[in-house]
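Notes follow the structure.
Residue numbers (mature numbering (1 follows the signal peptide of the UniProt record, and there is no 0)): -26 to -1, 1 to 175.
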């Protein structure tokens, strides 16, 4: 009897660990933020061509129907896993989020626009600075963003590290991976899938 009880306990622990490491359930408790907005969490990389499809085909509609209407809390977790240059983009994105948060989505869109049709390294400080210069913010703010993302161990460097830690801890291995109200989207490339989940909430 004792052996059976131990076996059952081990089986239960294995099931529990499997559930915790299953990307399907990675954000099961991340349904709404403290203001009651539905959470949308996208894992990606500015160098990912599939993420660029989501940026081009989904984000304008999502922004128009939900983000601009203050219905959702959208978060882009930059995995920065597609080359050494990816981390530069992640740091810069976090610097924009921290210093000029209202311009972050514009910066994200600008970065995806620069993506070439190749896997070569292309995210450089020069490319990033040009996108920052296009943002409708004061010159002083632009300089502050540039300084932050280029400064070792700054807030944006730490935030970029946190993103990398998060995708590894959550066992996310595909970009893009999108969660809406804690549920993983099976197909992030069609807007109807977003609407169905968002309108259910």
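Each residue gets a CB set at the ideal place from its N, CA and C atoms; glycine is no exception.
- Only exposed fits residue 110, as fewer than 16 other CB atoms lie within 10 angstroms of its CB.
- 122 is the residue among 153, 167, 122 and 171 whose C-alpha sits nearest the C-alpha of residue 64.
- By DSSP's assignment, residue 50 forms a beta bridge with 16.
- Shortest Cα-Cα distance from residue 20 to any of 142, 101, 43 and 155 involves 101.
- Residue burial is scored here from C-beta neighbours: residue 108 has fewer than 16 other C-beta atoms within 10 angstroms and is therefore classed as exposed.
- For a cut-off of 8 Å, the C-beta gap from residue 158 to residue -3 is around 5 Å, short enough to register as a contact.
- For residue 128, the CB contacts under 6 Å within the same chain, skipping 5 residues up- and downstream, are 122 in chain order.
- The DSSP-derived three-state label of residue 157 is strand.
- In this structure the segment 152 to 168 lies against the segment 27 to 43, because at least three pairs of beta carbons, one per stretch, are closer than 8 Å.
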